[in-house]
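**Q** Quick note: the sequence shown uses the numbering used here, first residue 10, plus one each step. Even for Gly, the Cβ is constructed at its ideal location relative to N, Cα and C. Here it is, the structure, as structure tokens.
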Amino acid sequence: MTPLLKGTKILVPVKTLQKVLAFALVGISASACAVQENPPVARVAPASIAAETPNVIVILTDDQGYADVGFNGSKDIPTPNIDRIADEGVRFDRGYVSFPVCGPSRAGLLTGRYQSRFGYDLNASENPEDPNAGLPLSENMIPAVIEPAGYTSTIIGKWHMGNHPNFHPLERGFDEFFGFTNGGHNYYAEKYRDVDLSKAKSSAHLYQTRLVKNRDKIDAKGYLTDILSDEAVDFVKRKKDEPFFMYLAYNAPHAPLQAPPRYTDRFPHIEDEKRKIYAGMVSAVDDGVGRLLDTLDELEIADNTIVFFLSDNGGPLVRAKNGSINLPFKGGKGDLFEGGVRVPFAMRWPAQVPAGVDYPHPVSSLDILATMVAVNGLEPSTEQPLDGVNLVPFVQDAAFKDMPHEKLFWRYINNDANANWKTGVLIGDDKRVTVRGAEMLYDIGADKEEKFDTKKRKKDTNKKLKEEFENWESEMGRQSVPIWNEWPPKWDGDLEESAK
Ligand SMILES: [Ca+2]
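Right, dumping it as structure tokens:
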């Protein structure tokens, strides 16, 4: 087994340690000589102090802009609790998601694989009667991958990986589910109606369906973000004595823009009404994160709990616009420019990762599962290889010598006969983006705003990146997931209006 971490501590999974110790006891009873000839015992035994399976919490926000967290410099929307994750761990300056829109981004995060491998290149249809509209059943998701390490897994919040019963979280390895299976929701529980998903006639109906606990519709009261935070705190309290994985997928601050005065009143300095409500929504998430982190402290499990925080894509500047800010980057949700795929991203693991790390190299949402696999000493699947890497040794290296990713790729196929095909490839600081056949090359190191196209000056680089993309794409699948806008028959363009 390869040491997982640099430095003096070597982390060994509990199960591996138990096996080695059991072997050692057999050796002792057989002959003293056998023990001396068994070097793994001597090498592994001191690590028992550090050998405890870490809990993992992934906090995912929805459509939050890069600039809209304190740890990325936000002044008008303070996020002191979310900032704790970065301050007490790692801020990733260049944290990328694998897709600039909700569904495929989550498919990548939850499988640790480029979603293009299984053709998940667009938000899937939300038709609850279509057994193909969801994350393919052939793919393993985080809970199934880490289950051998003994985790209890929950998802709290937005699922969006298929409304058909086949795709229910409890069918995908999660032990618990609390939230909603569609791609967004009204924030006021008093507005929920007892509408079956299959009877929904519009997006507004989907957004107003009752919340679900495991497989049962439940009654709820209050503001959705607070309800999800309550559930997160409750789960941690219930599972504190066993290794747990919690996927806390807030739908905030995705449209519809809704926040009660107790949150929006915190922002008298923001005049723009849309951004004021958005600020309230982000602030509600921040309160929830604070309560969750405080709970970890109170239960004395914070030290060995890995917490990730990130947004699923950049803030939307056009459709579902929510008042978010992605500056200094160009573009937003739906774009492969930095504003669409470079997101607020932080990680904390006090037991193994130093505080105050400002990590400069590109990392990916795909790395979250790869990190979990590695720190638990699990064998990665050879049939479904992961595209991420274990981030821990990289963030432990104070010199930031090695880069986690030599290359990153993006593919966005629109449903309209590929007319809106977008591609992206990043190698080092060079990033090539195509939009409907038009190609652009940027130097992200010197020009993170993507203002200056260098393709004419760097023809060889452009050619190389084009070839690299083609090589990567030859390994990907064809688009295979039913497209979102075939169902429901009517999409209400204005979510604020439709959700009323
Ligand atoms: Ca989103």
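Quick one: does the C-beta of Asp321 sit closer than 7 Å to a heavy atom of ligand 1?
**A** The answer is yes for Asp321.
**Q** Is the closest heavy atom of ligand 1 to the C-beta of His173 under 7 Å?
**A** Not under cutoff, so the answer is no.
**Q** If you follow the alpha helix (DSSP H) that Phe349 is in, where does it begin and where does it stop?
**A** Per the sequence shown, residue 349 should be read as Gly rather than Phe. 347-350 is the span of the alpha helix (DSSP H), which, as asked, contains Gly349.
**Q** Hey, would you say Pro491 sits closer than 8 Å to Asp139, going by beta carbons?
**A** Yes; because the gap between Cβ atoms is below 8 Å, this pair is in contact.
**Q** Out of Ser320, Asp235, Lys249, point me to the one whose CA is closest to Ser162's CA.
**A** Checked all of Ser320, Asp235, Lys249; the closest Cα to Ser162 is Lys249.
**Q** When the Cα atoms are used, what is the spatial distance from Leu266 to Asn195?
**A** Between Leu266 and Asn195, the C-alpha separation is close to 9 Å.
**Q** Taking just the CA atoms, how far does Gln124 sit from Ser489?
**A** Going from the Cα of Ser489 to the Cα of Gln124 covers about 11 Å.
**Q** Less than 7 Å between C-beta atoms, sequence neighbours within five positions excluded: which residues of the same chain meet that for Arg420?
**A** Closer than 7 Å at Cβ, skipping near neighbours: Ser125, Asp130, Thr432, Glu482, Met485.
**Q** Could you give the distance in angstroms between the alpha-carbon of Ala383 and the alpha-carbon of Val350?
**A** So the alpha carbons of these two residues sit roughly 25 Å apart.
**Q** Taking only three categories from DSSP, how would you classify Glu185?
**A** If DSSP states are grouped into helix, strand and coil, Glu185 belongs with the strands.
**Q** Is His263 near ligand 1, judged by its Cβ being under 7 Å from some heavy atom?
**A** The answer is yes for His263.
**Q** Any heavy atom of ligand 1 closer than 7 Å to the Cβ of Asp130?
**A** Asp130: no, Cβ never under 7 Å from ligand 1.
**Q** Going straight from the alpha carbon of Ser207 to that of Leu450, what length do you get?
**A** In a straight line, the C-alpha of Ser207 is about 45 Å away from that of Leu450.
**Q** Between which two residues does the alpha helix (DSSP H) carrying Ser114 extend?
**A** Its alpha helix (DSSP H) spans residues 111-120.
**Q** Here's the rule: buried if 16 or more other CB atoms are within 10 angstroms of the residue's CB, otherwise exposed. What is Pro145?
**A** Counting Cβ neighbours within 10 Å, Pro145 comes out buried, since at least 16 surround it.
**Q** For Ala364 and Phe317, what's the separation of their Cα atoms in angstroms?
**A** Answer to the nearest angstrom: the Cα atoms are 14 Å apart.
**Q** Quick one: residues in its chain with C-beta nearer than 8 Å to the C-beta of Glu156, no 5 flanking neighbours on either side, listed in chain order?
**A** So the list reads Ser162, Gly182, once near-sequence residues are dropped.
**Q** By how many angstroms is the C-alpha of His169 removed from the C-alpha of Pro178?
**A** C-alpha separation (whole angstroms): 10 Å.
**Q** So Pro269 packs on Asp72, CB below 8 Å; how close in whole Å?
**A** At roughly 20 Å, the Cβ-Cβ gap does not stay under 8 Å, so Pro269 and Asp72 are not in contact.
**Q** For Ala293 and Glu477, what's the separation of their Cα atoms in angstroms?
**A** Distance between the alpha carbons of Ala293 and Glu477 is about 42 Å.
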